[in-house]
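Chains as they are written, first to last, in the UniProt record's numbering: chain A, 1 to 217; chain B, 1 to 217; chain C, 1 to 217; chain D, 1 to 217. Beta carbons: idealized from backbone N, C-alpha and C, even for Gly. From a predicted model like this one, the values you see are computed outputs, not experimental measurements. Here the structure comes first, spelled out in structure tokens, and everything after it is commentary.
Protein chains: 4
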Amino acid sequence: MLPVTEPAGRRVRTAALELFAERGFHGTGIRDLAQRAGVSTATLYHYMGTKEDLLAEIMRDSMRLLLRAASPTGTGGTPTERIARLTRIHVLAHAARPLHTRVADDELRALSPGSRAEITALRDEYERFWQSAIDDGVSTGEFRVQAPGVARLALLEMCSGVARWYRPDGPLTAGELAARYVEMALGLLTVDGIRLEPDPGAVGDMDRLVAELWPPS
Amino acid sequence: MLPVTEPAGRRVRTAALELFAERGFHGTGIRDLAQRAGVSTATLYHYMGTKEDLLAEIMRDSMRLLLRAASPTGTGGTPTERIARLTRIHVLAHAARPLHTRVADDELRALSPGSRAEITALRDEYERFWQSAIDDGVSTGEFRVQAPGVARLALLEMCSGVARWYRPDGPLTAGELAARYVEMALGLLTVDGIRLEPDPGAVGDMDRLVAELWPPS
Amino acid sequence: MLPVTEPAGRRVRTAALELFAERGFHGTGIRDLAQRAGVSTATLYHYMGTKEDLLAEIMRDSMRLLLRAASPTGTGGTPTERIARLTRIHVLAHAARPLHTRVADDELRALSPGSRAEITALRDEYERFWQSAIDDGVSTGEFRVQAPGVARLALLEMCSGVARWYRPDGPLTAGELAARYVEMALGLLTVDGIRLEPDPGAVGDMDRLVAELWPPS
Amino acid sequence: MLPVTEPAGRRVRTAALELFAERGFHGTGIRDLAQRAGVSTATLYHYMGTKEDLLAEIMRDSMRLLLRAASPTGTGGTPTERIARLTRIHVLAHAARPLHTRVADDELRALSPGSRAEITALRDEYERFWQSAIDDGVSTGEFRVQAPGVARLALLEMCSGVARWYRPDGPLTAGELAARYVEMALGLLTVDGIRLEPDPGAVGDMDRLVAELWPPS
DNA sequence: CATGAATGAGTATTCATTCAT
DNA sequence: AATGAATGAATACTCATTCAT
Numbered sequence: 001m002l003p004v005t006e007p008a009g010r011r012v013r014t015a016a017l018e019l020f021a022e023r024g025f026h027g028t029g030i031r032d033l034a035q036r037a038g039v040s041t042a043t044l045y046h047y048m049g050t051k052e053d054l055l056a057e058i059m060r061d062s063m064r065l066l067l068r069a070a071s072p073t074g075t076g077g078t079p080t081e082r083i084a085r086l087t088r089i090h091v092l093a094h095a096a097r098p099l100h101t102r103v104a105d106d107e108l109r110a111l112s113p114g115s116r117a118e119i120t121a122l123r124d125e126y127e128r129f130w131q132s133a134i135d136d137g138v139s140t141g142e143f144r145v146q147a148p149g150v151a152r153l154a155l156l157e158m159c160s161g162v163a164r165w166y167r168p169d170g171p172l173t174a175g176e177l178a179a180r181y182v183e184m185a186l187g188l189l190t191v192d193g194i195r196l197e198p199d200p201g202a203v204g205d206m207d208r209l210v211a212e213l214w215p216p217s
Numbered sequence: 001m002l003p004v005t006e007p008a009g010r011r012v013r014t015a016a017l018e019l020f021a022e023r024g025f026h027g028t029g030i031r032d033l034a035q036r037a038g039v040s041t042a043t044l045y046h047y048m049g050t051k052e053d054l055l056a057e058i059m060r061d062s063m064r065l066l067l068r069a070a071s072p073t074g075t076g077g078t079p080t081e082r083i084a085r086l087t088r089i090h091v092l093a094h095a096a097r098p099l100h101t102r103v104a105d106d107e108l109r110a111l112s113p114g115s116r117a118e119i120t121a122l123r124d125e126y127e128r129f130w131q132s133a134i135d136d137g138v139s140t141g142e143f144r145v146q147a148p149g150v151a152r153l154a155l156l157e158m159c160s161g162v163a164r165w166y167r168p169d170g171p172l173t174a175g176e177l178a179a180r181y182v183e184m185a186l187g188l189l190t191v192d193g194i195r196l197e198p199d200p201g202a203v204g205d206m207d208r209l210v211a212e213l214w215p216p217s
Numbered sequence: 001m002l003p004v005t006e007p008a009g010r011r012v013r014t015a016a017l018e019l020f021a022e023r024g025f026h027g028t029g030i031r032d033l034a035q036r037a038g039v040s041t042a043t044l045y046h047y048m049g050t051k052e053d054l055l056a057e058i059m060r061d062s063m064r065l066l067l068r069a070a071s072p073t074g075t076g077g078t079p080t081e082r083i084a085r086l087t088r089i090h091v092l093a094h095a096a097r098p099l100h101t102r103v104a105d106d107e108l109r110a111l112s113p114g115s116r117a118e119i120t121a122l123r124d125e126y127e128r129f130w131q132s133a134i135d136d137g138v139s140t141g142e143f144r145v146q147a148p149g150v151a152r153l154a155l156l157e158m159c160s161g162v163a164r165w166y167r168p169d170g171p172l173t174a175g176e177l178a179a180r181y182v183e184m185a186l187g188l189l190t191v192d193g194i195r196l197e198p199d200p201g202a203v204g205d206m207d208r209l210v211a212e213l214w215p216p217s
Numbered sequence: 001m002l003p004v005t006e007p008a009g010r011r012v013r014t015a016a017l018e019l020f021a022e023r024g025f026h027g028t029g030i031r032d033l034a035q036r037a038g039v040s041t042a043t044l045y046h047y048m049g050t051k052e053d054l055l056a057e058i059m060r061d062s063m064r065l066l067l068r069a070a071s072p073t074g075t076g077g078t079p080t081e082r083i084a085r086l087t088r089i090h091v092l093a094h095a096a097r098p099l100h101t102r103v104a105d106d107e108l109r110a111l112s113p114g115s116r117a118e119i120t121a122l123r124d125e126y127e128r129f130w131q132s133a134i135d136d137g138v139s140t141g142e143f144r145v146q147a148p149g150v151a152r153l154a155l156l157e158m159c160s161g162v163a164r165w166y167r168p169d170g171p172l173t174a175g176e177l178a179a180r181y182v183e184m185a186l187g188l189l190t191v192d193g194i195r196l197e198p199d200p201g202a203v204g205d206m207d208r209l210v211a212e213l214w215p216p217s
């Protein structure tokens, strides 16, 4: 149960955040919320609309904050600098607010169509900062990726994963972690001449195995 | 409703796979399963144990298949070759079997402790192939990453994301997609001399913004 | 929401009257009442006892008023005159105060036994004016009905119906409407020589149909 | 609790019929229904859709039956004969099936718009038989009422009231009761020359009283 | 092989009401 | 005079599951 020193309305929000992140929206009952917040289920409804409103609120807050952080960051400087800053922000956000970001990343499908559209729009806006930085970098030649759209998706997935496992009491500070991700992101985007000379035999074997295990439908 | 030409037992599995992937385990009711499979809820129980057994089965199958594909692949050759093959396999699997892999990636928390331990063990075994390839590459100098454990997590998240968005009728075949991911993975692992000389001022600003938006609790 | 110029206590009464008439007692929640009255649910309880008290109050007022109107009216003059006056009053009351009378007519069953007894006593007292006028008319020969008790019930139901459909902006004024009801009431009570010679065959057919549709259980 | 010899599905219907008639739709909880039917609330839903479906079903059945009875009855013969037959049927139906008819008469407002429209259409169709018989009688001179529409409403209200109080073990059989209503209905429709010469003074007094008690808003 | 019948426990949400301020 | 906070009990309805047939 959350500390009773906090006002009840805030405790309800915190309970929702923690439980939605931990068990998912559908895996969290309102009784769970009430118990964690230290109020009765009836009192819950004094502080919230529906359970889904609570979810939408969390996701909206999460996306707006990320967007607010990305806006000044995603625009100035070279593509390399922009990607570096976006990555840094994204990782720091996911390390500092893993609950918010996990809920935002995982529970889109639990929203009703109306809220889903709203949140998706925010996310799309956010992703545009990434895409344009990548595209610009490809134009200037700073980045060498063959499929810029795929690169964006790969980068975002990779960075968002942080929220799933990062612990501040681990070996890396959030800042160090972000630095590592910046390096990896830039490495990923600058695929160098030193390319894999794929052993055709091995690849052939592997593809045969894949085809056998997951026949093309 | 699924085609009635399939035997009912298989239709139940397919229904579970589709619905768990689409709505999540907790978001799927057994009535949904029964309807999609075209049988009554009572009949469902002729073909399955509990709803959770169905989930555990899917996850087990998914992980075992991946493991079976990774075993011969993860061992021979240079670290670079091994990572290339693992990436290729992982991406092909996620492109070819997005439902299985999404369920396996997302629904671990829905399992009861017993099954969770079993699946986690399989996943850990699988990830060891990646980790040892990365570590070996760092030893040989083929890879230059500062935090090999983080690199593993980043790589896996990035590649698994494929199951969330890849469509076989899009611009890339699964093979081309895998090739792009291999390039990006190797790029990510070989962070080259061309390093970002971070504008300290800008980073300072950004960190101040981040600290403001997500105060360290 | 009701006009805020009215004092709150009155607005609560009006809200209750309107909503109980429109949706019934059980179909009306106290949140509905509060919203319509423009106050919070807590404030509601400054102006009322329980929700049921509010209902009992309305019904008591309604019946007392009707009784007060009927008292001087139900006694003097010939039975014909008395029925004419009672009918006139009853119809005017139901046309002028449809909400009160509808609630009084429909929501007896929603009252707790205590209040129900009280209101029923008032209603019985009121109906006695009607019954005695009818009985007297039968004695004097002014009325020719075979079942005076049934006639009372029929008359009252027929006149009370006015509250369900009369609109003052329709083709008839309340006075004209009352005049029509007086005529019909007196016609109903004076069943003349011109009697139906029922075609026995037709009646037989009909009774057979009725027996088939609604078997005597 | 209803006899367990009946099949459960039927017991649910009977319970709904009785309780909706007795306490109204909103006054009846599904626990009440379950208890009366002798099943659990969950089992209830094996035999019904929603609570409202149950209500709509009852009303539909009730109106359809009445309509089926009225169809052959409302058409042949003189207006007097038609009204006599309609009245007879209506009264017999309300005496034989008081629960059905009370629910149908009282709970229209509890229906959702969709079902309400459907039931209202049936009721309007039924009332047209009455209206056309009345109108035809006015044309032929058999009936002398000043406001035929009002007469229809008055007749229907008066006859429907039967369902509220008639008991088969009382002094009148249903057939006798119907006969009395036929007489009253025809009397009501044939308002004779011998009309009330209203004592103007008395009427004036009364109207003054009415105006005082129920001021015209 | 398949299902209709049945349920205890649970779902999210609302109920009328109280009370301290 | 008015309300925000709080709640136990109820609301209609669904859950996953069992079992006799």
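Put residue i into one of helix, strand or coil per three-state DSSP.
i: R144 of chain C; result: strand
i: T190 of chain B; result: strand
i: S40 of chain C; result: coil
i: P168 of chain B; result: coil
i: F25 of chain D; result: coil
i: W214 of chain A; result: coil
i: M1 of chain B; result: coil
i: G137 of chain D; result: helix
i: E127 of chain C; result: helix
i: G175 of chain B; result: helix
i: G149 of chain C; result: helix
i: M158 of chain C; result: helix
i: E6 of chain D; result: coil
i: M48 of chain D; result: coil
So, using beta-carbon positions, are residue i and residue j closer together than 8 Å?
i: H26 of chain A; j: A163 of chain A; result: no
i: V103 of chain A; j: M59 of chain A; result: yes
i: A154 of chain D; j: L86 of chain D; result: no
i: V210 of chain D; j: L92 of chain C; result: yes
i: E157 of chain A; j: E157 of chain B; result: yes
i: L17 of chain A; j: L99 of chain A; result: yes
i: M63 of chain A; j: Y166 of chain A; result: no
i: W130 of chain C; j: R152 of chain C; result: yes
i: E52 of chain A; j: S139 of chain A; result: no
i: A15 of chain A; j: A96 of chain A; result: no
i: G24 of chain A; j: E107 of chain A; result: yes
i: S115 of chain D; j: A56 of chain D; result: yes
Am I right that residue i and residue j are in contact with their C-beta atoms under 8 Å? What's the rounded C-beta distance?
i: V12 of chain B; j: L33 of chain B; result: 7 Å
i: G187 of chain B; j: L2 of chain A; result: About 44 Å; that fails the 8 Å criterion.
i: I30 of chain A; j: L19 of chain A; result: Contact doesn't hold; Cβ gap of about 10 Å is too wide.
Report the residue from the options whose alpha carbon sits nearest the alpha carbon of residue i.
i: D135 of chain B; options: B:P79, B:R180 and B:G175; result: B:P79
i: A185 of chain A; options: A:P7, A:S160, A:I30 and A:G114; result: A:S160
i: P148 of chain B; options: A:V150, A:E6 and A:Y181; result: A:Y181
i: W214 of chain D; options: C:H90, C:T50, C:A15 and C:A84; result: C:H90
i: M128 of chain B; options: B:A179, B:K51 and B:R82; result: Reading the sequence as shown, one finds Arg at residue 128 of chain B and not Met. Of the listed residues, the one whose Cα sits closest to R128 of chain B is B:R82.
i: Q35 of chain C; options: C:E52, C:E57, C:A8 and C:G24; result: C:A8
i: L177 of chain C; options: D:Q146, D:D205, D:A178 and D:L177; result: D:Q146
i: E212 of chain A; options: B:H94, B:A69 and B:E142; result: B:A69
i: S71 of chain C; options: C:I119, C:R123 and C:D105; result: C:R123
What runs of the alpha helix (DSSP H), each 4 residues or longer, lie entirely inside the segment 51-118 of chain B? 51-73, 79-96 and 98-106
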